[in-house]
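*Asks:* Residue 396 in the working numbering is what sits at position 396 of the sequence shown, and the numbering runs on without skipping anything. Before I ask anything, here is the structure I am working with.
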Amino acid sequence: MRSAKVAIVGFGTIGTGVARLLLENGTRIARHTGRPLELVRIVDTDLTRPRDVVVAEGLLTDDLSKVLDDPEITAVVQVIGGLEPARTIMLKLLESGKDVVTANKALLAEHGPELFDRARQLGRSIAFEAAVAGGIPIIAAISECLTANQIESIYAILNGTSNFILTEMEEQGSDYAATVAEAQRRGYAEADPTMDVDGSDAAQKLAILAHLAFGAQVNWREIPRVGIDTVDPTDMRYAREFGYGVKLLAVANLVPEGLELHVSPTLVCHGTPLADVRGAYNAIRVKGDAVGRVFFQGLGAGQMPTASAVVADLIDTVVGRMAITFRTLDLWSDQREAPVALRDPAKVPGRFYLRFRVDDRPGVLAEIAGLLGQQQISIASVIQHETEPENGGIVPLVIMTHWASEGAMTKALAVIDRLPCVHSGSIRMRVRD
Ligand code: HSE
């Protein structure tokens, strides 16, 4: 039987995983495609680096034209990180008649409209299941399986590196910098882990999910985001006292006033499924008006979970399913219905965890409570442990509030942080019950 000839561009961690799956699981894959998938080219600028897969002599090349100019190659896995040359190469692949599979969420978050438009003009497809939450089939779930629903909300842990670091800090008391280095060593983190820990990676993924689920046309940079680089082990200990864990939560919540979008370290109530997500795992809780709540969990980073999603997309592309999905989804297109309005971030409500370092003297709590009250913010509970003499009479004061808007909280904290009895900046995290 005639094989389907495919190529990989980018022979790094993910490209190596994809090659391994194609070579080691060939028989199973052929059962799904109805014919063998034959890996005929791998393109990378580095021809010598050792990889943990053995490929046939002559397969690896640094010459992209060997793929572009081969009309028998119709589907290409493009797993180069970063924006350039990834963008230019994707355009070249589309223009030379290839359907493309990618795992590069930064590229889609940044250049999605241009790339998808070009693919449509050329009658080609771009598949990107691996771009969000690695091995979890969330793109297919939202864009195919749940399409009968109005999606109402998405609460998600979308960055495996951050979840790994938070878990290690919480359970082992591990040092932050050492844990970032370990996440890099295990292949979870981006080449520049800043994007992982400052919330950018999760915001890019949330922008893609918000487009798929709600039609939101949002630049990921406009999504309010706070990363885990602001989380102190002290806050994790207090969170535990209140019965919560700390997670980097990406939220898309549709309310009558518009779509609320934000990424931030959030106290998540122990005993809820999101609080139990440990290590490099990702999780996504989707609520649809017909289906109710659906919970997905799996590895969102790493070589083989990501390769699993890439190869599934490749199979869909080769059998022709992806062309139909791509056409009917009409992503990032001007022809789609009017985009949903985004809700003013200052109006987004929630409960908050606050920590202050304050003078240990009468009246301080009343003063802070009064300023919160002026913004209609009500206190739910307070922790203040006895001070050690060496702390110089400064104590941590930890407060959980009832519901308040982000804007009211910002106003209250701006005043509280200037009080003479309050030392250094306050800490604020959202709370999810
Ligand atoms: N660096 C990402 C993460 C994986 O840690 O989740 C790729 O999206």
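Backbone N, C-alpha and C fix where the C-beta goes; we use that ideal spot for every residue, glycine too.
Sort out for me which residues DSSP pairs Gly258 with in a bridge.
*Replies:* Taking the first residue of the sequence shown as 1, we reach residue 258 at position 258. Partner(s): Val255.
*Asks:* Just to confirm, does Asn149 get its C-beta within under 7 Å of one of the non-hydrogen atoms of the ligand GDP?
*Replies:* The model on display carries the ligand HSE but not the ligand GDP.
*Asks:* Could you pull out every residue in the same chain whose Cβ sits closer than 8 Å to the Cβ of Arg221, ignoring the five residues on either side in sequence?
*Replies:* What you label residue 221 is simply residue 221 of the sequence shown in a count that begins at 1. Counting only Cβ-Cβ distances below 8 Å, and skipping sequence neighbours, we find Ala203.
*Asks:* Do Val415 and Phe356 have their CB atoms nearer than 8 Å?
*Replies:* Here residue 415 refers to the residue found at position 415 when the sequence shown is read from its first residue. Here residue 356 refers to the residue found at position 356 when the sequence shown is read from its first residue. No, Cβ-Cβ distance for Val415 and Phe356 is not below 8 Å.
*Asks:* Mind listing, in chain order, the continuous alpha helix (DSSP H) runs of no fewer than 4 residues lying wholly within the segment 392-423?
*Replies:* Within the segment 392-423, the complete alpha helix (DSSP H) runs of at least 4 residues are 406-416.
*Asks:* Report all residues from its chain with a CB closer than 8 Å to the CB of Leu274; omit the five preceding and five following residues, and keep chain order.
*Replies:* Position 274 of the sequence shown, counted from the start, is the residue given in the question as residue 274. Excluding residues within five positions, the ones whose Cβ falls inside 8 Å are Tyr155, Ile157, Lys247, Leu249, Val268, Ala283, Arg285 and Arg432.
*Asks:* Within the continuous beta strand (DSSP E) that includes Ala283, where are the two ends?
*Replies:* In the sequence shown, the residue the question calls residue 283 occupies position 283. Element bounds for Ala283: Tyr281 to Gly288.
*Asks:* Since Arg336 and Asp330 should fall inside the 8 Å C-beta cutoff, what is the C-beta to C-beta distance between them, to a whole number of angstroms?
*Replies:* As a first step, residue 336 is located in the sequence shown; it is residue number 336 there, counting from the start. As a first step, residue 330 is located in the sequence shown; it is residue number 330 there, counting from the start. Yes, Arg336 and Asp330 are in contact; Cβ-Cβ is about 6 Å, under 8 Å.
*Asks:* What are the partner residues of Leu430, as DSSP defines its beta bridges?
*Replies:* Here residue 430 refers to the residue found at position 430 when the sequence shown is read from its first residue. According to the sequence as given, residue 430 is Arg; it is not Leu. Answer by DSSP bridge pairing, in chain order: Thr266 and Phe352.
*Asks:* Name the one or two DSSP bridge partners that Tyr188 has.
*Replies:* Taking the sequence shown and counting its residues from 1, one reaches residue 188 at position 188. In the DSSP output, where bridge partners are listed per residue, Tyr188 has none listed.
*Asks:* Taking the CB atoms as reference points, tell me whether Val9 and Val76 lie closer together than 8 Å.
*Replies:* Within the sequence shown, residue 9 is the residue found at index 9, counting from 1. Within the sequence shown, residue 76 is the residue found at index 76, counting from 1. Contact flag set, yes.
*Asks:* Please work out which residues of its chain come closer than 6 Å, Cβ to Cβ, to Arg225, disregarding the five sequence neighbours upstream and downstream, and give them in chain order.
*Replies:* Here residue 225 refers to the residue found at position 225 when the sequence shown is read from its first residue. The answer, listed in chain order, is Gly199, Ala203 and Val263.
*Asks:* Any contact of the segment 175-190 with the segment 318-328, i.e. 3+ C-beta pairs under 8 Å?
*Replies:* No, the segment 175-190 is not in contact with the segment 318-328.
*Asks:* Determine whether the beta carbon atoms of Tyr244 and His211 lie at a separation below 8 Å.
*Replies:* Translated into the one-based positions of the sequence shown, residue 244 becomes position 244. Translated into the one-based positions of the sequence shown, residue 211 becomes position 211. No. Outside cutoff.
*Asks:* Would you say Tyr188 touches the ligand HSE, meaning its beta carbon is less than 7 Å from a heavy atom?
*Replies:* Working through the sequence shown from its first residue, we reach residue 188 at position 188. The answer is yes for Tyr188.
*Asks:* If you measure between the beta carbons of Ile427 and Leu354, is that distance less than 8 Å?
*Replies:* For the purposes of this step, residue 427 is taken as the residue at position 427 of the sequence shown. For the purposes of this step, residue 354 is taken as the residue at position 354 of the sequence shown. Their beta carbons are under 8 Å apart, which means Ile427 touches Leu354 by this criterion.
*Asks:* Are three or more beta carbon pairs between the segment 250-257 and the segment 401-420 nearer than 8 Å?
*Replies:* Not touching, per the Cβ criterion.
*Asks:* Report the three-state DSSP secondary structure of Leu91 (helix, strand or coil).
*Replies:* Stepping through the sequence shown from its first residue, residue 91 is reached at position 91. Correct three-state label for Leu91: helix.
*Asks:* Any idea what DSSP makes of Phe242, helix, strand or coil?
*Replies:* Taking the first residue of the sequence shown as position 1, residue 242 is located at position 242. Phe242: helix per DSSP, three-state reduction.
*Asks:* Taking 7 Å as the line, does the beta carbon of Gly288 fall inside it for any heavy atom of the ligand HSE?
*Replies:* Locating residue 288 in the sequence shown gives position 288, where the first residue counts as 1. No, Cβ of Gly288 sits at least 7 Å from all heavy atoms of the ligand HSE.
*Asks:* Taking only three categories from DSSP, how would you classify Ile383?
*Replies:* Within the sequence shown, residue 383 is the residue found at index 383, counting from 1. If DSSP states are grouped into helix, strand and coil, Ile383 belongs with the strands.
*Asks:* Between Thr102, Arg118 and Lys92, which has its C-alpha nearest Ser333's C-alpha?
*Replies:* The residue labelled residue 333 in the question sits at position 333 within the sequence shown. Nearest of Thr102, Arg118 and Lys92 to Ser333, Cα basis: Arg118.
*Asks:* Quick check on the burial criterion: 16 or more other C-beta atoms within 10 angstroms. Buried or exposed for Gly227?
*Replies:* Stepping through the sequence shown from its first residue, residue 227 is reached at position 227. Gly227 comes out buried.
*Asks:* Less than 7 Å separating the Cβ of Asp433 from some heavy atom of the ligand HSE?
*Replies:* Sequence index remark: in the sequence shown, residue 433 carries index 433 (1-based). Checking every heavy atom of the ligand HSE against the Cβ of Asp433, none is found closer than 7 Å.
*Asks:* Return yes when the Cβ of Val6 is within less than 8 Å of the Cβ of Ile80, no when it is not.
*Replies:* For the purposes of this step, residue 80 is taken as the residue at position 80 of the sequence shown. For the purposes of this step, residue 6 is taken as the residue at position 6 of the sequence shown. For Ile80 and Val6, no; Cβs fall outside 8 Å.
*Asks:* Mind checking who Ala7 pairs with in its DSSP beta bridge?
*Replies:* By 1-based counting over the sequence shown, the position of residue 7 is 7. BP columns for Ala7 point to Arg41 and Val76.
*Asks:* Could you check where the alpha helix (DSSP H) with Ala109 kicks off and where it finishes?
*Replies:* Position 109 of the sequence shown holds residue 109. Per DSSP, Ala109 belongs to the alpha helix (DSSP H) from Lys105 to Leu122.
*Asks:* Use the C-beta contact count for Gln172: other C-beta atoms within 10 angstroms, 16 or more gives buried, fewer gives exposed.
*Replies:* Within the sequence shown, residue 172 is the residue found at index 172, counting from 1. Its Cβ having fewer than 16 others within 10 Å, Gln172 is exposed.
*Asks:* Is Asp313 near the ligand HSE, judged by its Cβ being under 7 Å from some heavy atom?
*Replies:* Counting from 1 along the sequence shown, the entry for residue 313 is found at position 313. No.
*Asks:* Using DSSP with H/G/I as helix, E/B as strand and the rest coil, what is Glu84?
*Replies:* Here residue 84 is taken as the residue at index 84 of the sequence shown, counted from 1. It is coil, neither helix nor strand.
*Asks:* How would you call Leu397, buried or exposed, if buried means at least 16 neighbouring beta carbons within 10 angstroms?
*Replies:* Locating residue 397 in the sequence shown gives position 397, where the first residue counts as 1. That one is buried.
*Asks:* Which value, in whole angstroms, describes the spacing of the CA atoms of Ala191 and Lys92?
*Replies:* Counting from 1 along the sequence shown, the entry for residue 191 is found at position 191. Counting from 1 along the sequence shown, the entry for residue 92 is found at position 92. Roughly 24 Å separates the two Cα atoms.
*Asks:* Taking the straight line between their C-alpha atoms, what separation do you get for Gly160 and Pro362?
*Replies:* Taking the first residue of the sequence shown as 1, we reach residue 160 at position 160. Taking the first residue of the sequence shown as 1, we reach residue 362 at position 362. The straight-line gap from Cα to Cα measures roughly 44 Å.
*Asks:* Please determine whether the Cβ atom of Asn253 lies at a distance below 7 Å from any heavy atom of the ligand HSE.
*Replies:* Against the sequence shown, residue 253 aligns to sequence position 253. No; taking the cut-off as 7 Å, the Cβ of Asn253 has no heavy atom of the ligand HSE nearer than that.
*Asks:* Following a CB-centred definition, is Ala301 positioned closer than 7 Å to any heavy atom of the ligand HSE?
*Replies:* As a first step, residue 301 is located in the sequence shown; it is residue number 301 there, counting from the start. True, at least one ligand heavy atom lies under 7 Å from that Cβ.
*Asks:* Whose C-beta lies closer than 7 Å to the C-beta of Phe128 among residues of the same chain, with five residues either side of it excluded?
*Replies:* Position 128 of the sequence shown holds residue 128. Counting only Cβ-Cβ distances below 7 Å, and skipping sequence neighbours, we find Thr102, Leu108 and Ile139.
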